[in-house]
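Residue numbers (this note's numbering), protein chains in the order written: chain Z, 1 to 306; chain P, 1001 to 1248.
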C-alpha cells in the first residue's frame, strides 16, 4: 500500500474528480519523446522547403530541389523534384551503362553478334531476362513451348522460318495461324483417310489402305491440302503451314497419345476442326528495336536457328 | 486553469467531443484529397483514353467479382525496374473512367496495367482455365467456370447508367451522343451509347471471339476483352519520354 501512497503524492492528476473521488493521473510525456516530436516538426519544415509539398492555387509549391535530365529529343530540362523526373535520370544512367552494348547490337549484323564472345555474353544475360518476362509465358522458360498451343523454339522445325531475318520479322509484327475446318467440306471417312496419310508421312502406325486414299485426297482439289502444305507435305513457311513429314507436332498432341489409333485421332481432330489460333503478339512498340534484336539472336541461339 | 476547465467541458459533453473528434481527423483527409480537385495537372492531358465498351465493362465487372485486384495491381510506378518489366508508368488519365479504380496495392501476381496485347487471347483463356499449364510456377487459382458460364447481358444498360451517374460519359440522349462524337470520334461514341449497349456487346463478342468458342458469349469473352484493352489506349510513341514529368 505504501507504493500507492507514493504515487498519489508524486504524480499529478488532471484536476477534476468524478463521483466524488475518482481522479485521473496526468503523467507528463518523457522528455526524449517531447524532443523527438519537436524534431519531426523541424524535419517537416525542412522537407517542405526541399520537396514539392503544399498545394497552391492551381498548382503546388515545387520546393528548392531540382532534377536536370536529358529527354529522348536530346533536350536538357530541369524540373522540380518528382519521381517521374527521377526516373528520367535513372533510365539515362542505365542507358549510358548499357549504351555501348545496345549500340553494338544495333550496328552489328546478326552473325557477327552471335560470334563475338563479348556480345554473346550480353545477349545471354539481357536476352534471358527479356525472354523470361515477355516470351516465357507462352514458349516456356527454356523455349520448349507447349504442344497444342505454342511452338517449341529450340528445335529446327520452324513455322515461319528460323533465319535471323524471319525470327526478327515474327517478333516485330507477330503471327496468326489459320487452317480451315475440313469437317465443313469433307466427310468423316475422308478426314480419317487424310489423318492416316499424315501419320504415314511421319512413320506413325496407320492403316495403309486409308493412307493411300488420303494421299490421293491430299493432292486433290477436293481437300487441296497441298496448296499450303505443298505436294511433298513439307509445308510453306511464308504461310506458316507446318512440315508434316518430320514427326514434330505442335497442334495435334501426337506424342501424348499412347496408341497408334490415338495418334491418328489427334491428327484427325486438327483436320476436322481446323485452327484459328497460333497468335503471336507483335512486339514492335512494346519493346525497343535493340531489345527485339537481342531477342532475335537469343531465340536463334536457343538451338534451332538456321 | 482555464485549460482544465475546457478539458473537462469537452469530456463531459459527448456530442461536442464527437464533433470535435470528427473535425480533427477530417483535417488530414481534406488537406491531402481536396487540392487534387483544384490542381490543373492532377489528370494528364493525353489522347486516346476512352470509357470501356459494354463488353469490356462487363469484363471489368467480372475482374472485380473474382477479386483479381487482390493479387494483381494495375499501377506501374515510375521506377526503372517497373518500366523495364511492365512498360510506361501508369497515368492518372488512364484510370479516369474506372469506378472504382483497380490500382491495388498487392502484387502476388504481376501488375496488369499494360497486359493488353502482351499475350494472345488463346493464352489468356488457357491461363485462366488452368494457369499452371502455361506457367508451371504460378500460384494463381483456376477459373474454369468463366469459360462455361454464359455472360448475363440483361443488365448491361443498367450497369452503364449507374456508371454514368458517377461521371463516366456514357450517353443516353442525342446531345450527349453528339458530345461523345466530338470528344472520342464516331466509332467510340457508338460504343458508349447506352440504348445500343446490348447490341454493341454482342457484336464485339462475336467479332472478337475472345474465348475461341463462337457458340455463345461467355464470361471469358468479356474478361479477355477487358484484359486485352488494359494499358493500350494511349499511344506513347506520340509523346516524348518526359511528356508527363510536368504533371507531378
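Don't be surprised by glycine CBs; every beta carbon is placed ideally from N, CA and C. In this text, all values refer to a predicted model and were calculated from it rather than measured experimentally.
TODO: Give a yes or no on whether the C-beta atoms belonging to residue 1133 (chain P) and residue 1107 (chain P) are separated by under 9 Å.
DONE: Along the second chain, read from residue 1 onward, the residue named residue 1133 (chain P) stands at position 133. Along the second chain, read from residue 1 onward, the residue named residue 1107 (chain P) stands at position 107. Not a contact, by the Cβ cut-off of 9 Å.
- [ ] Assign residue 1077 (chain P) to one of three DSSP states: helix, strand, or coil.
- [x] The sequence position of residue 1077 (chain P) within the second chain is 77, counting from 1. Here residue 1077 (chain P) sits in coil by DSSP.
Task: Residue-chain proximity (residue 127 (chain Z), chain B), Cβ-Cβ < 9 Å - done: This model lacks chain B altogether; the protein chains it does include are Z and P.
Open item on the list: Am I right that residue 223 (chain Z) and residue 275 (chain Z) are in contact with their C-beta atoms under 8 Å? What's the rounded C-beta distance?
Closed with: As a working note, residue 223 (chain Z) is residue 223 in the first chain. As a working note, residue 275 (chain Z) is residue 275 in the first chain. In fact, because the Cβ distance is near 16 Å, the residues do not count as touching under 8 Å.
Open item on the list: Quick check on this structure: which residue in Z:169, Z:108 and Z:21 has the alpha carbon closest to the alpha carbon of residue 299 (chain Z)?
Closed with: One-based indexing of the first chain puts residue 299 (chain Z) at position 299. Closest option to residue 299 (chain Z), Cα to Cα, is Z:169.
Task: Close beta carbons around residue 1001 (chain P), own chain, < 8 Å, minus the five adjacent residues each side - done: Start at 1 with the first residue of the second chain, and residue 1001 (chain P) comes out as number 1. Here the model assigns residue 1001 (chain P) a pLDDT of 44, short of 50, so the residue's position is not dependable and the matter cannot be decided.
Task: Which of helix, strand or coil DSSP assigns to residue 54 (chain Z) - done: Reading the first chain from its first residue, position 54 is the one you call residue 54 (chain Z). If DSSP states are grouped into helix, strand and coil, residue 54 (chain Z) belongs with coil.
Task: Proximity to residue 105 (chain Z) [Cα-Cα], best of Z:13, Z:296 and Z:80 - done: The sequence position of residue 105 (chain Z) within the first chain is 105, counting from 1. Out of Z:13, Z:296 and Z:80, Z:296 has the C-alpha closest to the C-alpha of residue 105 (chain Z).
Task: Beta-carbon gap between residue 287 (chain Z) and residue 151 (chain Z) smaller than 9 Å - done: Within the first chain, numbered from 1, the residue matching residue 287 (chain Z) stands at position 287. Within the first chain, numbered from 1, the residue matching residue 151 (chain Z) stands at position 151. Contact flag unset, no.
Task: Endpoints, alpha helix (DSSP H) assigned at residue 1158 (chain P) - done: As a working note, residue 1158 (chain P) is residue 158 in the second chain. Counting along the chain, the alpha helix (DSSP H) containing residue 1158 (chain P) begins and ends at 1156-1165.
- [ ] Give a yes or no on whether the C-beta atoms belonging to residue 1121 (chain P) and residue 1061 (chain P) are separated by under 9 Å.
- [x] For the purposes of this step, residue 1121 (chain P) is taken as the residue at position 121 of the second chain. For the purposes of this step, residue 1061 (chain P) is taken as the residue at position 61 of the second chain. Cβ distance not < 9 Å, so residue 1121 (chain P) and residue 1061 (chain P) don't count as in contact.
Open item on the list: Buried or exposed for residue 132 (chain Z), going by 16 or more other Cβ atoms inside 10 Å?
Closed with: Locating residue 132 (chain Z) in the first chain gives position 132, counting from the first residue. By the neighbour-count rule (16 or more Cβ atoms within 10 Å), residue 132 (chain Z) is not buried but exposed.
Open item on the list: Report the CB separation of residue 142 (chain Z) from residue 237 (chain Z) in whole angstroms; it is logged as a contact under 8 Å.
Closed with: On the first chain, position 142 is the one that residue 142 (chain Z) refers to. On the first chain, position 237 is the one that residue 237 (chain Z) refers to. Residue 142 (chain Z) to residue 237 (chain Z), Cβ: 23 Å. No contact.
Task: Per DSSP, the bridge partner or partners of residue 284 (chain Z) - done: Translated into positions along the first chain, residue 284 (chain Z) becomes position 284. Answer is Z:287.
- [ ] Could you check the C-alpha separation between residue 231 (chain Z) and residue 279 (chain Z) for me, to the nearest Å?
- [x] By one-based count along the first chain, residue 231 (chain Z) stands at place 231. By one-based count along the first chain, residue 279 (chain Z) stands at place 279. Rounded to whole angstroms, residue 231 (chain Z) to residue 279 (chain Z) spans 26 Å at the Cα level.
Task: For residue 1203 (chain P) and residue 1224 (chain P), the rounded distance between their alpha carbons - done: Translated into the one-based positions of the second chain, residue 1224 (chain P) becomes position 224. Translated into the one-based positions of the second chain, residue 1203 (chain P) becomes position 203. About 15 Å.
TODO: Output yes if chain P places a C-beta closer than 9 Å to the C-beta of residue 160 (chain Z); else output no.
DONE: To locate residue 160 (chain Z), count along the first chain from 1; it is residue 160. No, because no Cβ of chain P sits closer than 9 Å to the Cβ of residue 160 (chain Z).
Task: Rounded Cβ spacing between residue 113 (chain Z) and residue 182 (chain Z) (contact assumed at less than 8 Å) - done: Against the first chain, residue 113 (chain Z) aligns to sequence position 113. Against the first chain, residue 182 (chain Z) aligns to sequence position 182. The Cβ separation is near 43 Å, so there is no contact.
TODO: Could you say which of Z:35, Z:47, Z:42 and Z:55 lies nearest to residue 1040 (chain P) if we only look at CA atoms?
DONE: Working through the second chain from its first residue, we reach residue 1040 (chain P) at position 40. It is Z:55.
- [ ] Go ahead and pull the three-state DSSP assignment for residue 1014 (chain P).
- [x] The residue you call residue 1014 (chain P) lines up with position 14 of the second chain. Note: residue 1014 (chain P) maps to helix in three-state DSSP.
TODO: Inspect the beta-carbon positions of residue 241 (chain Z) and residue 228 (chain Z) and report whether they are closer than 9 Å.
DONE: As a working mapping, residue 241 (chain Z) is identified with position 241 in the first chain. As a working mapping, residue 228 (chain Z) is identified with position 228 in the first chain. Result yes, Cβ atoms of residue 241 (chain Z) and residue 228 (chain Z) sit closer than 9 Å.
Open item on the list: What would DSSP say about residue 34 (chain Z), mapped onto helix, strand or coil?
Closed with: Here residue 34 (chain Z) refers to the residue found at position 34 of the first chain. Here residue 34 (chain Z) sits in helix by DSSP.
Open item on the list: Between the region 1031-1048 of chain P and the region 1077-1090 of chain P, can you find at least three pairs of beta-carbon atoms closer than 8 Å?
Closed with: no
Open item on the list: So residue 1249 (chain P) contacts chain Z; which residues on that side make the cut at Cβ distance below 7 Å?
Closed with: Within the shown structure, residues of chain P are numbered from 1001 to 1248, placing residue 1249 (chain P) beyond reach of any answer.
TODO: Can you grab the Cα-Cα spacing for the pair residue 235 (chain Z) / residue 245 (chain Z), in whole Å?
DONE: Reading the first chain from its first residue, position 235 is the one you call residue 235 (chain Z). Reading the first chain from its first residue, position 245 is the one you call residue 245 (chain Z). Each residue's alpha carbon lies about 9 Å from the other.
Open item on the list: Cutting at 6 Å between CB atoms, please list the residues of its own chain near residue 306 (chain Z), excluding the five before and the five after it.
Closed with: Counted from its first residue, the first chain places residue 306 (chain Z) at position 306. Once the five neighbours on either side are set aside, the close Cβ partners of residue 306 (chain Z) are 162 and 163.
- [ ] Closer than 8 Å by beta-carbon distance: list the chain Z residues that pair up with residue 1040 (chain P), in chain order.
- [x] The count along the second chain starts at 1 and reaches residue 1040 (chain P) at position 40. Here the neighbours are 58 and 59.
- [ ] Spell out a yes or no on whether the region 1023-1041 of chain P and the region 1169-1187 of chain P are touching, meaning 3 or more CB-CB pairs, one atom from each, closer than 8 Å.
- [x] no
TODO: Please list the residues of the region 12-40 of chain Z that have a C-beta atom closer than 8 Å to any C-beta atom in chain P, keeping them in chain order.
DONE: 14, 15 and 16
TODO: Consult DSSP for residue 146 (chain Z) and reduce its assignment to one of helix, strand or coil.
DONE: As a working note, residue 146 (chain Z) is residue 146 in the first chain. Here residue 146 (chain Z) sits in strand by DSSP.
Open item on the list: Quick check on residue 1171 (chain P): does DSSP put it in helix, strand or coil?
Closed with: To locate residue 1171 (chain P), count along the second chain from 1; it is residue 171. Residue 1171 (chain P) falls in the strand class under three-state DSSP.
Task: With 16 other Cβ atoms within 10 Å as the buried cut-off, status of residue 1200 (chain P) - done: Taking the first residue of the second chain as 1, we reach residue 1200 (chain P) at position 200. Buried, since its Cβ has 16 or more Cβ neighbours within 10 Å.
Task: Terminal residues of the alpha helix (DSSP H) in which residue 17 (chain Z) lies - done: Mapped onto the first chain, residue 17 (chain Z) falls at position 17. Unbroken run through residue 17 (chain Z) is the beta strand (DSSP E), 13-18; no alpha helix (DSSP H).
TODO: Could you tell me whether the Cβ atoms of residue 137 (chain Z) and residue 1088 (chain P) are closer together than 9 Å?
DONE: Mapped onto the first chain, residue 137 (chain Z) falls at position 137. Mapped onto the second chain, residue 1088 (chain P) falls at position 88. Not a contact, by the Cβ cut-off of 9 Å.
- [ ] On the DSSP bridge assignment, give the partners of residue 67 (chain Z) in chain order.
- [x] One-based indexing of the first chain puts residue 67 (chain Z) at position 67. Looking at the DSSP assignment, residue 67 (chain Z) forms a beta bridge with Z:79.
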